[in-house]
Structure formats: C-alpha cells, structure tokens
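Remarks on the structure that follows.
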Amino acid sequence: MKIYLNGKLVDKNDAKISVFDHGYLYGDGVFEGIRAYDGLVFKLKEHVDRLFESAHSIMLHCPLPKKELEKAVIKTLKKNKLKDAYIRVVLSRGAGDLGLDPRKCKGQETLVIIADKINLYPRELYQKGMEIITVPTVRNIPEALNPQIKSLNYLNNILAKIEAVNCGYQEALMLDHLGYVAECTGDNIFVVKGGELYTPPQCMGTLRGITRDTVLEIAKKMKIPTHEHVLTRHELFISDECFLTGTAAEIVPVVRVDGRTIGSGHPGTHTKKIMRRFQQATKKDGVKYTV
Ligand SMILES: *Cc1c(COP(=O)(O)O)cnc(C)c1O
C-alpha cells in the first residue's frame, strides 16, 4: 500500500509523521472521508470544498490548491490500483513545539491521503436495520467547537461511541445541548413521517454531511417533501422510518431507538427506495479515473 505524504507516494511503513505534529498532540487538523465506486470518486469536489472550509475556519492552510488536491486523491487511488475505495484525507497543523501556539508550526502542514477498503458494518445490518441508543455525552455546542468543522478533534464523538458500545449498541444517538436530536457519532440522522422526510438543520450541532445533502436531493427528485427541522427523541420514537447517512456507512436503516420500535421494526419502504437511488447515484456521478 502506498500513502500520499506531503507530495510523495511512500510505502505504508515509511508513512511517518513527527510526534510533535499538532494533529497528533492536540487534534489540531481537519479531515475528509471520501468513497470511490467502480472507478468514480463520489462527490470529490464537495469533499474538497468542505475540507477547505474546515481548514479556513481553524486558520489552517492547505499546501495544495483544490484542483491539485483532487489530483492527489486520484493519484493515490491509481497507485494503489483501487477501483472501490474509502479515501481518508488528513490535513494537520504540522510539527511545532509542545505549546499550543500554532505559529510554532512554521507553516509546514502535514497532508496525508490514505486509500483503502472499508466495510463499516456487516451486509445483513443493512437488510435488518440497526438499533441505536441515546447517550449522555451531548454534541459539541457550535459556540465552543462548531460541528461543521470536520476536525481531527473527535473525542466528543468517541466518548459517545464508547457509551453506546458499553451498553451493547453499535451506534449512539447524540443530542445537542438543548436536548434536540443532533446526529450519530459519524452519521447524520433522518426520519420519515407521513411520507415526508425530516432531518435536523445544520445549525443544531449537526455536521452538514455530503451524504445527507445527497439524500435530500434524491428525495426532492422522488417528490418526497423534505424538511430540515429540529427533532425531539419523541419524534424519532413515533416516526414511520429512520435511517443514518454518512460516506463510510452510506445509508443504514434504524429499526429501534432507545428500545422503541420504529414503524414496522423493519427497514421502511421509503428508506429502501432511497438506498437504491443512492446506490444508482454512486454508479454514475463522480470523477472518473482508470487504474
Ligand atoms: C463526516 C461526518 C458525517 C457524515 O458526513 P458525510 O459527508 O456524509 O460523510 C456526519 N457526522 C459527523 C460528525 C461526521 O464527522
């Protein structure tokens, strides 16, 4: 496996960064998870745009312009001969001293691109649906660390994941500081009620997921009314269908929330239709490359 590291494609065993990198010391950096499907990189421009937005917000400079970063992603895929892949782009502040001051990092950011296979959940979970549980850790409040920044500082989400796993669940439902539904640890959440689709607005401690946006687009094309609206746990409990979205997980049906059965207790019809449409989109939209 070859890893892109600051402009070079190096062997996995040589892909090393400094222990003084502020990405390592402080989670001071940003990232993206991207997927390629059969030689097409899905929503590459959107992911690169979001990486630049996250970086801009934390005053982090990307050593490559957008177009060059897109090329670097494709180069990494080609080098590894991967037609189907999960790509991780990591941009960190680089090596500084032991203090917090980012000026000590001297503008030598670390840019890493890893292309590999990923199978987040077993296939049968997508057929049977998942059970999730609300956890005590609330999603970061935007005034402290805005969830729109896809940062390397992922402890908020990891704490939530630990709480879910400790209770025997694979995924955690996180609420915002007001008690409204925010998102899961690395996925956005949707419900279907009365044939209409609802997801929390991006201002409510929710990352604006690219899969989320894709699902909203798909639903509009299917003439399903969509709402970006605050949701309570009660509204989840009484929904007809529920599902999660994210680049790595794709679309995961949810059939139980905090012990409450959702709808029939099986993945819903709208959910299944949207899953199929999403799969079709990944087969035709995207930046093409050959391995
Ligand atoms: C990346 C991420 C998502 C999903 O976003 P996609 O762009 O669909 O991959 C949702 N929530 C969090 C916290 C994330 O980091």
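Using the numbering used here, you'd call the opening residue of the sequence shown number 269 and step up by one each time.
All residues carry an ideal CB built from backbone N, CA and C; glycine is no exception.
Item                                                                                                                  : Value
Cβ-based burial, A432 [other Cβ within 10 Å; buried from 16]                                                          : buried
Pair within 7 Å by beta-carbon distance, C510 and V498                                                                : no
Any non-hydrogen atom of ligand 1 within 6 Å of G375 CB                                                               : no
Expected contact under 8 Å - CB spacing of F505 and V525 to nearest Å                                                 : 6 Å
Distance cut-off 6 Å: T529 Cβ against heavy atoms of ligand 1                                                         : no
Neighbourhood of P410 by C-beta distance below 8 Å, restricted to the same chain and skipping five residues each side : Q416, C471, G473
Limits of the alpha helix (DSSP H) - the one that A323 falls within                                                   : 312–325
Proximity of T344 and A383 at Cβ, strictly below 7 Å                                                                  : yes
Alpha-carbon spacing of V555 relative to E338, whole angstroms                                                        : 9 Å
Span of the beta strand (DSSP E), counted from its first residue to its last, around G291                             : Counting along the chain, G291 falls outside any beta strand (DSSP E), though it belongs to the alpha helix (DSSP H) covering 290–294.
Residue range of the unbroken beta strand (DSSP E) whose run includes R303                                            : 297–305
Assigned exposure category for G536 - 16 Cβ within 10 Å defines buried                                                : buried
Extent of the continuous beta strand (DSSP E) run through A363                                                        : No beta strand (DSSP E) holds A363; DSSP gives it neither H nor E.
Distance cut-off 6 Å: I478 Cβ against heavy atoms of ligand 1                                                         : yes
Per-residue burial, K418 [other beta carbons within 10 Å of its own, 16 or more giving buried]                        : buried
For L441, the three-state DSSP class (helix, strand or coil)                                                          : strand
Alpha helix (DSSP H) segment containing A383, residue limits                                                          : Per DSSP, A383 belongs to no alpha helix (DSSP H); it is in the beta strand (DSSP E), 378–384.
Whether A363 touches F310 by CB criterion (7 Å)                                                                       : no
Euclidean distance between Cα positions of A323 and S532                                                              : 43 Å
CB-CB length for I492 against L465, believed under 8 Å                                                                : 5 Å
Rounded straight-line distance, which links the Cα of D306 to that of P404                                            : 40 Å
Closest residue to E496 among E485, H502, M490 (Cα-Cα distance)                                                       : E485
Contact test: N456 Cβ vs ligand 1 heavy atom, cutoff 6 Å                                                              : yes
Cβ neighbour criterion (16 or more within 10 Å) applied to A412                                                       : exposed
Backbone secondary structure at C330 - three-state DSSP                                                               : coil
Spatial distance of V227 from T529 (CA atoms)                                                                         : No answer is possible for residue 227: it lies beyond the span of the chain, which begins at 269 and ends at 559.
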